[in-house]
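Colleague: Chains as they are written, first to last, in the numbering used here: chain C, 1 to 206; chain X, 207 to 412. This is the structure, below, for whatever I ask next.
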DNA sequence: TCCATTTTGCACTAGTCAGTGCATTCTATC
DNA sequence: GATAGAATGCACTGACTAGTGCAAAATGGA
């Protein structure tokens with residue numbers, strides 16, 4: 001509070017604190033004063049940087065979305081078409097499941113859901129910025145595996161959508177929308193099941 | 207406002223109005239005064255019936271959950287084990303998809319997501335009261351189809367979970383969490399894809 | 001050292017809203 | 001009709017919070 005004055009990294013500190021507080025209390029319930037206190041910053045500084053509460057919220061969400069995109073893309077990128085498809089899919093499935101079940105990912109999705117009514121553009125932002133790109137990347141990879149002769153896929157986009165569905169949807173139930181930590185064992189099971197079903201449906205006949 | 211005094215169906219009118227207003231504005235943003243006005247009822251009447259805003263919200267959510275459960279169970283019940291599995295699954299899939307994409311269902315899920323942080327028990331309530339029962343019923347039906355020799359299923363619960371995942375998860379994206387109406391054609395496509403993939407994975411060899 | 005900019009602390013406005021109190025009015029039922 | 005319980009209208013409290021204004025302090029670069 002008294003230390004660290006000046007024009008240094010206040011902005012990032014504010015963004016971090018904002019997401020923490022918004023995730024904990026929800027957008028409406030969270031007060032700018034709380035964000036300021038959490039960031040160790042004067043309220044005025046927040047208004048200097050972001051103008052108003054809503055802009056601060058948007059900026060925090062956008063930052064988190066970029067973060068999530070990077071981690072998801074990294075996971076997808078590890079899906080090499082030259083490896084055994086069962087092994088490769090299991091590995092990427094596990095990585096994607098970890099991304100999906102990450103505490104911050106849950107918080108981001110919760111905030112999006114909650115503020116959907118009042119800020120619909122936010123959802124488009126996150127979708128264009130993250131979700132769609134991950135899906136596209138996954139579809140590309142699956143197409144290459146199909147081309148390599150290991151999968152029988154007609155529409156890679158649909159296949160990617162379904163792989164994602166089999167992987168993530170079960171976690172909505174099992175983690176109670178992110179309020180319960182899914183034990184590693186269960187995470188592995190779901191991934192296993194998803195890959196198994198996906199391969200049964202899409203594996204090329206020998 | 208001036209008509210319809212007395213002790214008649216105020217309660218139901220309040221519940222209906224409450225859900226409408228909460229769904230439109232969100233729990234925090236919605237004011238009890240607005241609910242009262244929408245229901246055509248004095249604010250005091252609401253407090254007489256429900257005590258406080260939170261209890262009103264719970265009651266409204268519970269009522270909606272019961273409603274949703276009934277419609278979902280009806281859909282699952284139409285999955286007869288004696289019919290051709292592809293046809294039967296497509297039909298039940300379409301019905302379930304319609305339930306899932308219903309305006310009120312979306313509103314209910316949005317409210318749950320939004321208030322998850324402040325009222326975690328609410329989610330348990332809905333899950334025990336609706337989601338779990340639908341999943342169980344679906345697992346039961348799938349088990350019977352498997353017994354009839356049409357499906358090769360080891361764990362009916364997992365199969366039901368995956369059928370649900372393939373069916374519903376794509377709609378989260380396509381309807382932008384319920385803010386866009388999914389055209390009937392697309393709804394049919396997704397259902398078709400889900401059933402096809404599910405059958406490829408689980409159909410018994412002839 | 002000096003200056004422009006940023007940050008801070010604090011007080012203040014204005015608006016919203018849950019919940020209460022009370023006197024009055026209505027209505028179902030006896 | 002008479003009566004008890006339910007519903008109404010309206011005013012009010014108390015608490016909270018977004019955003020502003022201002023003067024003082026700190027900071028980094030020249």
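Glycine is no exception: its CB is placed at the ideal position from the N, C-alpha and C atoms. For clarity, every value in this text was computed on a predicted model and none was experimentally measured.
Report the partner residues of residue 69 of chain C according to the DSSP bridge assignment.
Modeller: Position 69 of the first chain, counted from the start, is the residue given in the question as residue 69 of chain C. Partner(s): none; residue 69 of chain C has no beta bridge.
Colleague: May I ask you to verify whether the region 192-205 of chain C touches the region 140-157 of chain C, counting CB pairs closer than 8 angstroms and requiring at least 3?
Modeller: Contact holds: three or more Cβ-Cβ distances are below 8 angstroms.
Colleague: Apart from the five residues on each side of it in sequence, which residues of its chain come closer than 8 angstroms, Cβ to Cβ, to residue 373 of chain X?
Modeller: The count along the second chain starts at 1 and reaches residue 373 of chain X at position 167. Hits under 8 angstroms: 299, 302, 303, 306, 396, 397 and 400.
Colleague: Which residues of chain X have a Cβ atom closer than 7 angstroms to the Cβ of residue 93 of chain C, listed in chain order?
Modeller: As a position in the first chain, residue 93 of chain C is number 93, starting the count at 1. Those within 7 angstroms of residue 93 of chain C in chain X number zero; the least Cβ separation is about 13 angstroms.
Colleague: Is any beta-carbon of chain C found at less than 7 angstroms from that of residue 262 of chain X?
Modeller: The residue labelled residue 262 of chain X in the question sits at position 56 within the second chain. Judged by the 7 angstroms Cβ criterion, residue 262 of chain X is not in contact with chain C.
Colleague: With DSSP as the reference, label residue 151 of chain C as helix, strand or coil.
Modeller: Within the first chain, residue 151 of chain C is the residue found at index 151, counting from 1. Correct three-state label for residue 151 of chain C: strand.
Colleague: If the cut is a Cβ gap below 9 angstroms, which residues of chain X does residue 207 of chain C touch?
Modeller: Look at the range of chain C in this structure, 1 to 206, and you will see that residue 207 of chain C is not part of it.
Colleague: Does DSSP put residue 203 of chain C in a helix, in a strand, or in coil?
Modeller: Your numbering for residue 203 of chain C matches position 203 in the first chain. Residue 203 of chain C: strand per DSSP, three-state reduction.
Colleague: Name the chain C residues that come within less than 7 angstroms of residue 326 of chain X, Cβ to Cβ?
Modeller: Counted from its first residue, the second chain places residue 326 of chain X at position 120. Ordered by position in chain C, the residues that pass the 7 angstroms Cβ test against residue 326 of chain X are 179.
Colleague: Using a Cβ-Cβ cut-off of 7 angstroms, state whether residue 116 of chain C counts as contacting chain X.
Modeller: Residue mapping note: residue 116 of chain C aligns to position 116 of the first chain, counting from 1. Yes, residue 116 of chain C counts as interfacial toward chain X.
Colleague: Along the region 276-300 of chain X, where does the CB come closer than 9 angstroms to a CB of chain C? Name the residues.
Modeller: Residues passing the 9 angstroms Cβ filter: none.
Colleague: Thinking C-alpha only, which one of C/126, C/143, C/174 and C/60 is nearest residue 20 of chain C?
Modeller: Indexing the first chain from 1 puts residue 20 of chain C at position 20. Among C/126, C/143, C/174 and C/60, the Cα nearest to that of residue 20 of chain C is on C/60.
Colleague: Please report the distance separating the alpha-carbon of residue 212 of chain X from that of residue 310 of chain X.
Modeller: Start at 1 with the first residue of the second chain, and residue 212 of chain X comes out as number 6. Start at 1 with the first residue of the second chain, and residue 310 of chain X comes out as number 104. Below a pLDDT of 50, predicted positions are generally treated as unreliable, and residue 212 of chain X, at 47, falls in that range; the measurement from the model is reported next regardless. Whole-angstrom Cα-Cα distance: 30 angstroms.
Colleague: Name, going along the chain, the residues of the region 134-167 of chain C whose beta-carbon falls closer than 9 angstroms to a beta-carbon of chain X.
Modeller: Flagged, chain order: 135, 155, 158, 159, 161, 162, 164, 165, 166 and 167.
Colleague: Kindly say whether residue 403 of chain X, judged by its beta-carbon, lies nearer than 7 angstroms to any beta-carbon of chain C.
Modeller: By 1-based counting over the second chain, the position of residue 403 of chain X is 197. It does; some Cβ of chain C falls within 7 angstroms.
Colleague: Taking only beta-carbon atoms, is residue 193 of chain C less than 7 angstroms away from chain X?
Modeller: As a working note, residue 193 of chain C is residue 193 in the first chain. It does; some Cβ of chain X falls within 7 angstroms.
Colleague: Can you give me the start and stop residues for the alpha helix (DSSP H) that residue 164 of chain C sits inside?
Modeller: Your numbering for residue 164 of chain C matches position 164 in the first chain. Here the alpha helix (DSSP H) through residue 164 of chain C covers 156-174.
Colleague: Whose C-beta lies closer than 6 angstroms to the C-beta of residue 162 of chain C among residues of the same chain, with five residues either side of it excluded?
Modeller: Sequence index remark: in the first chain, residue 162 of chain C carries index 162 (1-based). Here the set comprises nothing.
Colleague: If you reduce the DSSP assignment to three classes, tell me which class residue 253 of chain X lands in.
Modeller: Position 47 of the second chain, counted from the start, is the residue given in the question as residue 253 of chain X. DSSP places residue 253 of chain X in helix when its eight states are reduced to three.
Colleague: Determine the chain C residues that contact residue 376 of chain X at a beta-carbon separation under 7 angstroms, and present them in chain order.
Modeller: Position 170 of the second chain, counted from the start, is the residue given in the question as residue 376 of chain X. Here the neighbours are 161 and 165.
Colleague: In the region 9-62 of chain C, which residue ranges form an unbroken alpha helix (DSSP H) of at least 4 residues, counting only runs that do not cross its ends?
Modeller: Qualifying alpha helix (DSSP H) stretches, in chain order: 10-25, 32-39 and 43-50.
Colleague: My output table needs one value for residue 337 of chain X: the three-state DSSP class, helix, strand or coil.
Modeller: Counting from 1 along the second chain, the entry for residue 337 of chain X is found at position 131. Three-state DSSP puts residue 337 of chain X in a helix.
Colleague: Does the beta carbon of residue 201 of chain C sit closer than 7 angstroms to a beta carbon anywhere in chain X?
Modeller: If you number the first chain from 1, residue 201 of chain C lands on position 201. By this cut-off, residue 201 of chain C is an interface position.
Colleague: Going along chain X, which residues have a C-beta under 9 angstroms from residue 24 of chain C?
Modeller: Locating residue 24 of chain C in the first chain gives position 24, counting from the first residue. What residue 24 of chain C touches in chain X: 323.
Colleague: Answer yes or no: do residue 81 of chain C and residue 144 of chain C have a C-beta to C-beta separation smaller than 7 angstroms?
Modeller: Position 81 of the first chain, counted from the first residue, corresponds to residue 81 of chain C. Position 144 of the first chain, counted from the first residue, corresponds to residue 144 of chain C. Against a cut-off of 7 angstroms, the Cβ pair of residue 144 of chain C and residue 81 of chain C comes out as a contact.
Colleague: Between the region 124-132 of chain C and the region 328-346 of chain X, can you find at least three pairs of beta-carbon atoms closer than 8 angstroms?
Modeller: Because the criterion of three Cβ pairs below 8 angstroms is not met, the region 328-346 of chain X and the region 124-132 of chain C do not touch.
Colleague: Touching or not, the region 32-48 of chain C and the region 70-78 of chain C, by the rule of three or more beta carbon pairs under 8 angstroms?
Modeller: Contact fails: fewer than three Cβ-Cβ distances are below 8 angstroms.
Colleague: Rounded to whole angstroms, what is the Cα-Cα separation between residue 39 of chain C and residue 16 of chain C?
Modeller: Here residue 39 of chain C refers to the residue found at position 39 of the first chain. Here residue 16 of chain C refers to the residue found at position 16 of the first chain. Each residue's alpha carbon lies about 8 angstroms from the other.
Colleague: Excluding five sequence neighbours on each side, which residues of the same chain lie with their C-beta closer than 6 angstroms to the C-beta of residue 262 of chain X?
Modeller: The count along the second chain starts at 1 and reaches residue 262 of chain X at position 56. Counting only Cβ-Cβ distances below 6 angstroms, and skipping sequence neighbours, we find 224 and 256.
Colleague: Please report the distance separating the alpha-carbon of residue 233 of chain X from that of residue 362 of chain X.
Modeller: Taking the first residue of the second chain as 1, we reach residue 233 of chain X at position 27. Taking the first residue of the second chain as 1, we reach residue 362 of chain X at position 156. The alpha-carbon atoms of residue 233 of chain X and residue 362 of chain X are separated by roughly 37 angstroms.
Colleague: Shortest alpha-carbon distance to residue 110 of chain C belongs to which of C/74, C/178 and C/87?
Modeller: Counting from 1 along the first chain, the entry for residue 110 of chain C is found at position 110. The option with the nearest alpha carbon to residue 110 of chain C is C/178.
Colleague: Taking the straight line between their C-alpha atoms, what separation do you get for residue 238 of chain X and residue 219 of chain X?
Modeller: Counted from its first residue, the second chain places residue 238 of chain X at position 32. Counted from its first residue, the second chain places residue 219 of chain X at position 13. Rounded to the nearest angstrom, the two C-alpha atoms are 14 angstroms apart.
Colleague: Using the beta-carbon of each residue, which ones in chain X are nearer than 7 angstroms to residue 28 of chain C?
Modeller: In the first chain, residue 28 of chain C corresponds to position 28, counting from 1. Going along chain X in sequence order, the residues near residue 28 of chain C (Cβ under 7 angstroms) are 234 and 235.
Colleague: Taking all protein chains shown into account, do 16 or more other C-beta atoms lie within 10 angstroms of the C-beta of residue 211 of chain C, making it buried, or fewer, making it exposed?
Modeller: In this structure chain C extends from 1 to 206, so residue 211 of chain C is not present and cannot be described.
Colleague: Can you grab the Cα-Cα spacing for the pair residue 136 of chain C / residue 215 of chain X, in whole Å?
Modeller: As a first step, residue 136 of chain C must be located in the first chain, where it is residue number 136. As a first step, residue 215 of chain X must be located in the second chain, where it is residue number 9. Computed Cα separation, rounded: 52 angstroms.
Colleague: Roughly how many whole angstroms lie between the Cα atoms of residue 123 of chain C and residue 229 of chain X?
Modeller: In the first chain, the residue the question calls residue 123 of chain C occupies position 123. In the second chain, the residue the question calls residue 229 of chain X occupies position 23. Approximately 18 angstroms between the Cα atoms of the pair.
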